[in-house]
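The sequence shown runs contiguously to residue 213 in our numbering. One structure is given below, encoded as structure tokens.
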Amino acid sequence: MSFSSDKYGKGASAQAGGATGSARPERRLTVGLARAARFAVMVARSRAAAQVEVADMLAGMYLYEWERLAPFWPDRDAIETLLRRICSVSPQRWNHLIEAYDKQRRAEQAEASSPWRRLMQRTRPTEHEKESDQDHLPYSLELEHVMRSAAEISPFRDDLGELPIPVLTSECVLVCIACNDDSELGPNLRATGLDLPALERAARDPRRVPHR
């Protein structure tokens, strides 16, 4: 299933490892997953980490895609407890990160809704198309492997006029995290009660259109 880049191409910077400057993106993210990726950077920076880990991305998906992913989890407390532990984030720090990012997001939404901002968007790259290096940390090898695996199973493509590029959804990324038995996170994630068969069906279903 292909999408117009006008509809989904603004949802994320999509280069491998969050790098910028590539003429042709390797993949695109839905808007919700792009927001999750930005929060993952904040979590990584809160630990003074040099790269974004799989657990950081999972934390961002929990926060920004919960309504979409909740049907696959019977116990929200179990996954939140796991996330705080694997991300090495205290409850106090967790709440602080959420509040800080929510404040940032509201400010960006208010700016984007202004008539002047809408006028400037007609002639300038969008915020997600023009991200500075300070918004990024490189992905760990494990996270990059997960993202590439998610690109392989995604049924969605963005047609740029040449070879279409994959559009990653949170379902695709989550199922690749959960199925990775080379990491402790995969089995631990499944132990929280995650309905993996249902999640995999959703990840591969071309009718489950990603949210803008």
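The C-beta atom is built at its ideal place from N, Cα and C for all residues, glycine as well.
Rounded separation between residue i and residue j - CA only
i	j	result
Thr31	Val168	7 Å
Val53	Arg208	31 Å
Ala41	Gly194	23 Å
Glu81	Arg158	32 Å
Ile166	Arg149	12 Å
Arg77	Cys88	16 Å
Arg85	Trp67	16 Å
Gly104	Arg39	The amino acid occupying residue 104 in the given sequence is Lys; Gly does not appear at that position. About 14 Å.
Residue i, DSSP secondary structure in three states
i	result
Ile87	helix
Asp160	strand
Arg94	helix
Arg48	coil
Trp67	helix
Pro75	coil
Ser6	Confidence at Ser6 is low in this model, with a pLDDT of 39, below 50, so its placement is unreliable and the value that follows should be read with caution. Helix at Ser6.
Val155	Here residue 155 turns out to be Ser, not Val, going by the sequence shown. Of the three classes helix, strand and coil, the one that applies to Ser155 here is coil, per DSSP.
Which listed residue (the options) has its alpha carbon closest to that of residue i
i	options	result
Ala50	Tyr140, Ala60 and Leu197	Tyr140
Ala203	Ala56, Leu70 and Leu138	Leu70
Leu144	Ala179, Leu200 and Ala192	Ala179
Leu83	Gln105, Arg191, Gln93 and Leu200	Arg191
Leu59	Cys177, Glu163, Arg29 and Pro72	Cys177
Phe73	Asn96, Glu201 and Arg205	Glu201
Asp196	Pro75, Leu34 and Val55	Pro75
For residue i: DSSP bridge partner residues
i	result
Leu30	Leu169
Val53	Tyr140
CB contact below 8 Å: residue i versus chain B
i	result
Arg191	The structure shown contains no chain B, having only a single protein chain.
Start-end ranges of the alpha helix (DSSP H) lying completely within the segment 164-209, minimum 4 residues: Correct list: 171-179, 186-191 and 197-205.
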